[in-house]
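Structure record follows, encoded as structure tokens.
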Amino acid sequence: MTRDTTSDRGRDPDGEDAAEPLPDGGTAAGDDETTLDPWGSATVADYRKLFEDFGIEAFDEILAEVPDPHYLMRRGVIFGHRDYRKVAEAMATGEPFAALSGFMPTGDPHIGHKLVFDEIIWHQQQGGDAYALIADLEANSARGMTWDEIDEHARDYLLSLLALGFDPEEGELYRQSDNRELQDLGFELGESANFSELENIYGFDGETSVSHMQSVVTQMADILYPQLDEPKPTVIPVGPDQDPHVRLARDLAARTQFFGVTKAYASFEADADEREHLAAAYGALSEDTDEPVRCEDAADWLEAEMAPDDARERVAAKLREAGKEPLRPRVRFLDRNATDEAFEALIDAVDGEKRVFDEHVDSFELSREAAEELSREVELDHGGYGFVAPSSIYHRFMTGLTGGKMSSSVPASHISLLDDPEDGYEKVKAATTGGRETAEKQRELGGQADECPVYELYAYLLAGDDDEFAKRVYDECVDGERLCGDCKEQAAELMREFLADHQEKRAEVQELLEAADIDLDSDRART
Ligand code: TRP
Ligand code: SF4
């Protein structure tokens, strides 16, 4: 059903918790598959596959560009991103940026959600505009939650978010159902998406309710909402299961643009593959001469030097048609949704040498970045949104304490932020480990921290910002100096302390929540 997967597992109404836990801690299906299904069983067998199969980029490649990175970034828990560089840049240079994520209020907030809470809060502390939303329309339409359940869970999510440090005066909290501006934006974005596309991306079919589809455009609006005041780089911290939403939102943002900006080499249009050939021909031919490079010479060169493929044939034909026209690199502004006035204004605004065509303008002097900025300015001046493509960061899913997936329907597998601290202690004590059968073997071979849910607890949560502590646990484990009994006792005590402290803070922020501008009593019909 879902095309966005490497396997063919259907959607499951129970969502993230669909796969039955097996006694050995494995899951009934999908352990070696990688699927990205926002309402199905998101399974990531191999995070590296997400880079190859889905085009998510590795986070460690931009880590050095992030000012004072969060420990989840430093430890590789945040493992991937799309286009995060521009958020990091804004952060470094003090330009505006935003962070937004959303929560479906389907159960108790647990330590997996804490990762996202922390990510939003950290971006807020770095100077970003921070947004957290309750995805109540989605919970109602895609998960069948009643409004009473939604209200109760929404309160719990928000209390934990505030207790962890979200500043509601600086940031914004909202619920989808109560945000008129958001829904208007969703309506507008929905004009650029159709059913076939949702079918392809999400596996929707004739049985999918219209409200569920509406919750998709609502999420698209969520993702772009921080830019309604003013376009700015915006990061969406989520699990990789949400990537299909991020990609669609990036596409829709581009579709609303007045102008598309591309690179071009001659008056004709060329696709990305054709442009590669053009770049190669231009590079080679312009090297040895100051004379203009003619299109027909580039065609000769391509046919002599490049392996034949479809793109080469297509572009060679176009080059022959263009004949003696000089080949010259340029940036092109394509008229996508611009009004006539906006198009005229753009033409005026392009400084330096340019050529004006019916549906595009070519500039020979602007860089691509400058061209994008200029088109955004003109768009904003003429009543457009001017959206910057949204960015995302992806965190790893935590392993369940009982092995296999962490699942909110298996209480022993996860720790709720509302768990009694004693229960939290007990759950950690009972957790599966990456330890060896005997203490002797453990001393000899070392433990398997990389496969240990208890080690994950340290790295993701219990060690907090203290990298040295996390590293010490790891090293002592793999060197055989740490035995699981003591290690779990230490983790269990830290968990008890964390929960007690967190719950105390939740009580303290009650008033903040009452004062915040968010209504937690739906007056919807009980359907
Ligand atoms: N679909 C998300 C989930 O399943 C919730 C969500 C709604 C969201 N809107 C969002 C997440 C915007 C990030 C950004 O949990
Ligand atoms: Fe896990 Fe700790 Fe045992 Fe290592 S010593 S395997 S980290 S419980």
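For the sequence shown, our numbering begins at 26 and goes up steadily by one. Every residue gets a Cβ at the ideal spot worked out from N, C-alpha and C, and that includes glycine. What you are looking at is a predicted structure, and each value in this text was computed from that prediction instead of being measured.
- For Y480, the shortest C-beta to heavy atom distance toward the ligand SF4 is below 7 Å.
- Sixteen is the threshold: when 16 or more other Cβ atoms of the shown chains lie within 10 Å of the Cβ of G132, as they do, the residue is buried.
- The Cβ neighbour count for D154, taken over all protein chains shown within 10 Å, is at least 16; the residue is labelled buried.
- In terms of Cα proximity to N225, the closest of L61, H95, P92 is L61.
- Taking G408 as reference, the option from L391, A370, M129 with the minimal CA-CA separation is A370.
- Between the ligand SF4 and the CB of L470, the shortest heavy atom gap is not smaller than 7 Å.
- A heavy atom of the ligand TRP is found nearer than 7 Å to the CB of V263.
- In the three-state reduction of the DSSP assignment, V102 falls in the coil class, being assigned neither a helical nor a strand state.
- Inter-residue distance for A246 and E394 is about 25 Å (C-alpha atoms, whole angstroms).
- By the CB criterion at 8 Å, V271 and P63 fall outside the cutoff.
- Bridge partners of E82 according to DSSP: H106.
- Apart from sequence neighbours up to five positions away, the residues of its chain that approach P317 with a beta-carbon distance below 7 Å are P351, ordered along the chain.
- Boundaries around D365 are those of the alpha helix (DSSP H), 365 to 374, since no beta strand (DSSP E) includes it.
- Pairing S292 with A363 gives a Cβ-Cβ distance that is not under 8 Å.
- A direct Cα-to-Cα measurement between V375 and T233 gives close to 47 Å.
- Secondary structure within the stretch 106 to 182: the beta strand (DSSP E) runs of 3 or more consecutive residues, fully enclosed, are 123 to 128, 154 to 159 (chain order).
- Per DSSP, R461 lies in no alpha helix (DSSP H) segment and is marked neither H nor E.
- Out of D181, E518, V235, the CA that lies nearest to the CA of A167 is found in V235.
- Between the alpha carbons of A540 and D173 lies a distance of about 21 Å.
- For I226, there is no enclosing beta strand (DSSP E); the residue is part of the alpha helix (DSSP H) that begins and ends at 220 to 227.
- Using a Cβ-Cβ distance cut-off of 8 Å, the stretch 323 to 335 and the stretch 244 to 258 are not in contact, since fewer than three pairs of beta carbons, one from each stretch, lie closer than that value.
- Between the C-alpha atoms of D546 and A179 there is a straight-line separation of about 10 Å.
- Per DSSP, the beta-bridge partners of G285 are L359.
- Shown here for D490: same chain residues with a beta carbon closer than 6 Å to its own, the five before and five after excluded, namely Y96 in chain order.
- Annotated three-state conformation of V534 is coil, per DSSP.
- In terms of side-chain proximity, the C-beta atom of V498 is found nearer than 7 Å to a non-hydrogen atom of the ligand SF4.
- When only Cα atoms are considered, A117 and V91 end up about 7 Å apart.
- CA-CA distance, R110 to L184, rounds to 31 Å.
- Linking L249 to D315 through their CA atoms gives a straight-line distance of about 47 Å.
- Taking the CA atoms as reference points, D548 sits about 29 Å from A124.
- CA-CA distance, P269 to Q467, rounds to 42 Å.
- Bridge pairing for H237: absent [DSSP].
- For L125, the shortest separation between its Cβ and any heavy atom of the ligand TRP lies below 7 Å.
- Contact between the stretch 500 to 516 and the stretch 453 to 460 is present, with at least three C-beta pairs closer than 8 Å.
- Under DSSP, T259 shares a beta bridge with A123.
- Pairwise C-beta distances place the stretch 273 to 283 out of contact with the stretch 68 to 76, as fewer than three of them are shorter than 8 Å.
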